[in-house]
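Asker:
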Amino acid sequence: MKNIRNFCIIAHIDHGKSTIADRLLEYTDTIKVTEGQMLDDMELERERGITIKSHAIQMEYELEGQKYILNLIDTPGHVDFSYEVSRSIAACEGALLVVDATQGVQAQTISNLYMAIDHNLEIIPVINKIDMPSAMPDEVEDEIVDLIGCNRSDIIRASGKTGEGVADILEAVIKRIPHPVGDAQAPLQALIFDSVFNSFRGIIAYFKIENGTIRKGDKVKFFNTGMQYDADEVGVLKMDMIPRKELSTGEVGYIISGIKDAKEVKVGDTITHTDRPCDRAIAGFQEVKPMVFAGVYPIDPNDYENLRNSLEKLQLNDASLTFSPESSVALGFGFRCGFLGLLHMEIVQERLDREFNMDVITTVPNVSYMVYDKQGNVKEVHNPSGLPDQTMIEHIEEPYIRATIITDANYIGPIMKLCLDKRGELINQEYVSGNRVELHFMLPLGEIVIDFYDKLKSISKGYASFDYHIDSFRPSKLAKLDILLNGEPVDALSALAHQDNAVALGRRMCEKLKDLIPRQQFDIAIQAAIGAKIVARETVKCVRKDVTAKCYGGDVSRKRKLLEKQKKGKKRMKQIGNVEVPQKAFLAVLKLD
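Numbering (our numbering), first residue to last: 30 to 622.
1. Could you compute how far the alpha carbon of residue 397 sits from the alpha carbon of residue 364?
2. For the stretch 452-491, list the alpha helix (DSSP H) runs that are entirely contained and at least 4 residues long, ordered along the chain.
3. Quick check for students: name the residue ranges of the beta strand (DSSP E) that lie wholly in the stretch 285-332, counting only runs of 3 or more.
4. Here's the rule: buried if 16 or more other CB atoms are within 10 angstroms of the residue's CB, otherwise exposed. What is residue 635?
5. What three-state label does DSSP hand residue 130 in the structure shown?
6. Starting from the Cα of residue 407, find the closest Cα among 413, 414, 399 and give me that residue.
7. Using CA coordinates, which residue listed in 144, 199, 556, 496 is at the minimum distance from residue 91?
8. In whole angstroms, what is the alpha-carbon distance linking residue 564 and residue 432?
9. Determine the DSSP secondary structure at residue 166, reduced to helix, strand or coil.
10. Got a sec, what are the start and stop residues for the beta strand (DSSP E) residue 569 sits in?
11. Contact defined as beta carbons within less than 8 Å: I believe residue 427 pairs with residue 502. What is the distance between those atoms, to the nearest angstrom?
12. By Cβ distance below 7 Å, which residues in the same chain neighbour residue 261 in space, the five residues on each side in sequence not counted?
13. Just to confirm, are residue 220 and residue 104 a CB contact at a threshold of 8 Å?
14. May I ask you to report which of helix, strand or coil DSSP gives residue 37?
15. Of the residues 452, 127, 191, 133, which one's Cα is nearest the Cα of residue 155?
16. Please check the pair residue 301 and residue 162, which I expect to be a contact at CB under 8 Å, by giving their CB distance rounded to whole angstroms.
17. Are there 16 or more other CB atoms within 10 angstroms of the CB of residue 592, so buried, or fewer, so exposed?
18. Would you please state the rounded distance, in angstroms, between the beta carbons of residue 56 and residue 196? I believe it to be under 8 Å.
19. List, from N- to C-terminal side, the alpha helix (DSSP H) runs of 4 residues or more that fit wholly inside the stretch 175-233.
20. Counting only the same chain and skipping the five closest in sequence on each side, list residues whose C-beta sits under 6 Å from that of residue 454.
21. Around the C-beta of residue 322, are 16 or more other C-beta atoms found within 10 angstroms, so that it is buried, or is it exposed?
22. Could you tell me which whole beta strand (DSSP E) segments of length 3 or greater appear in the stretch 486-563?
23. Which value, in whole angstroms, describes the spacing of the CA atoms of residue 242 and residue 129?
24. Count the other CB atoms within 10 Å of the CB of residue 366; is the residue buried (16 or more) or exposed (fewer)?
25. Pull up the CB-CB distance for residue 28 and residue 510, whole angstroms please, since I reckon it's below 8 Å.
26. What are the boundary residues of the alpha helix (DSSP H) that includes residue 393?
27. Compare the beta carbon distance of residue 173 and residue 145 with 8 Å and say whether it is the shorter of the two.
28. With distances taken from CA atoms, which of 526, 164, 473, 465 is nearest residue 135?
29. Is it a yes or a no for the stretch 555-563 touching the stretch 520-540, going by three-plus beta-carbon pairs under 8 Å?
30. Helix, strand or coil: how does DSSP classify residue 400 here?
31. Where DSSP assigns a beta bridge to residue 91, which residues make up the other side?
32. Quick one: what's got a C-beta closer than 8 Å to residue 599's C-beta in the same chain, skipping five residues either side?
33. What's the call for residue 424, buried or exposed, on a 16-neighbour Cβ count within 10 Å?
34. For residue 114, I'd like the list of residues in its chain whose CB is within less than 7 Å of its CB, leaving aside the five on either flank, ordered along the chain.
35. Can you give me the start and stop residues for the alpha helix (DSSP H) that residue 442 sits inside?
36. Look at the Cβ atom of residue 253, then the Cβ atom of residue 213, and state whether they are nearer than 8 Å.
What follows is the structure, encoded as structure tokens:
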């Protein structure tokens, strides 16, 4: 155990975590790096150049005649995947804090750093990309010293591209990060920090052993679910899974026990022996709190069960996804899914399409509200169609977040305007170093959920970084906005909006839908309503066939007769015709401005 080190890499998005991980793997001869980002093996990760999943891998390294086993967990940097980071941190004793020499400390760096400090991890600061012409290593060093109060000599300068400083990082990992502590003779306690589904072998759980030893063929049980299994295979994670006879305290590995049902594996559960169980589960694992809710419906109603199975398999691989069944008048049966943010929602949609071939419609995302009725009861509402009648509601409370924005001082004006337009209030601002400012805002979560992040990046030319935490619920004047097509409400398009913005939003939605809904043989009225009051209307004009084209010459009454006949047909068609709303209309409503 003295020669094991478990560590993860944390950083803001695009600061070069995966590249440094590649250099470490190469330097320790674990693998030959044939193409960039060896750990980001998902097609989507390669395409977008981001890390979506945490990846664990074992390296072996010799220093001063001693052999060491290093377990590295590479983590995502985007705020939407912070739950992945929290699970990786729970399985480690130390962390490499990677900061880009060209960009300095950013919001997500600080957020992940505090998470690591809360778990008492040893932090090793690394400045990456020092080979870049625009690097400012001295200024970034000042920022890191201000942030964590370390000595300048503790900071390692490195480059993921050239491989400079990699040997120093490995030496620091071995010398500074403590080895895992635990009792190999005690009852088995192993923390599950991730799981994947394999169509041949069932569910594979990844774990870190806190106490005890696990051998192949042991009878084990999962503490929280109480289910019992045989350990058919245990082993360690390199680029492939390598079976071992036994794993003991402090080691990170995997277990295959022929589990078929996704509900039986909970990330954060504890594995123990059936004949000599531990007395309590390993603590320190928080439940995930979804921020954004959206309905996911199969395009073909017969695919409902397939969609449920696909979501369950995806949930194994992405524990921050939550879902529950719901139904809608317009779309039939589907699921209400909870996501950590809009990027997370987009990735889940893409993965359903690519990995499970599921065609789905996603409704407008919204957040959860607390509705107080006049009898004093409280109800949590995720969906505008779940709101009680307006006359029954005493007041509605919406979630507020505390947002941290770090930006260049030149962009303070536009960023302030953006946040105040979103009903935000400034709490304070402070200068971090030189020309960098840290702003703290209170903002309603419902306002930032759709396009806030994109706008922030564009007005700050990509310099501003953003991080947030849920703060509290506050009373708010909200109105339910319904969209009607030919007098029929489309519940998938209804939204909750602040009373001041509702009329303008209704008008914009009607204009947008007018462009997107294909023309029919009858006029389509698109209306926006708040309660019983219509606040906006647009009409999609009908496609007309000229029935009088064949009447050349002759009496005008022949033409009139044909037109009257056509008018009756149109009326009948309007009564029985229904209007299809294309999927791009649901998505376009998100990008209204």
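Even for Gly, the Cβ is constructed at its ideal location relative to N, Cα and C.
Answerer: According to the structure data:
1. 15 Å
2. 474-477, 481-488
3. 299-302, 321-327
4. Outside the displayed span of the chain (30 to 622) sits residue 635, for which this structure offers no information.
5. coil
6. 399
7. 199
8. 33 Å
9. helix
10. 562-569
11. 7 Å
12. 285, 286, 287
13. no
14. strand
15. 127
16. About 55 Å separates the two Cβ atoms, so there is no contact after all.
17. exposed
18. 7 Å
19. 195-205
20. 471
21. buried
22. 494-505, 507-514, 524-527, 553-559
23. 40 Å
24. buried
25. Shown here, the chain extends from 30 to 622; a query on residue 28 therefore has no answer.
26. Residue 393 -> no alpha helix (DSSP H), and no H or E assigned at all.
27. no
28. 465
29. yes
30. strand
31. 96
32. 550, 551, 571
33. exposed
34. 39, 104, 105, 141, 144
35. 441-450
36. no
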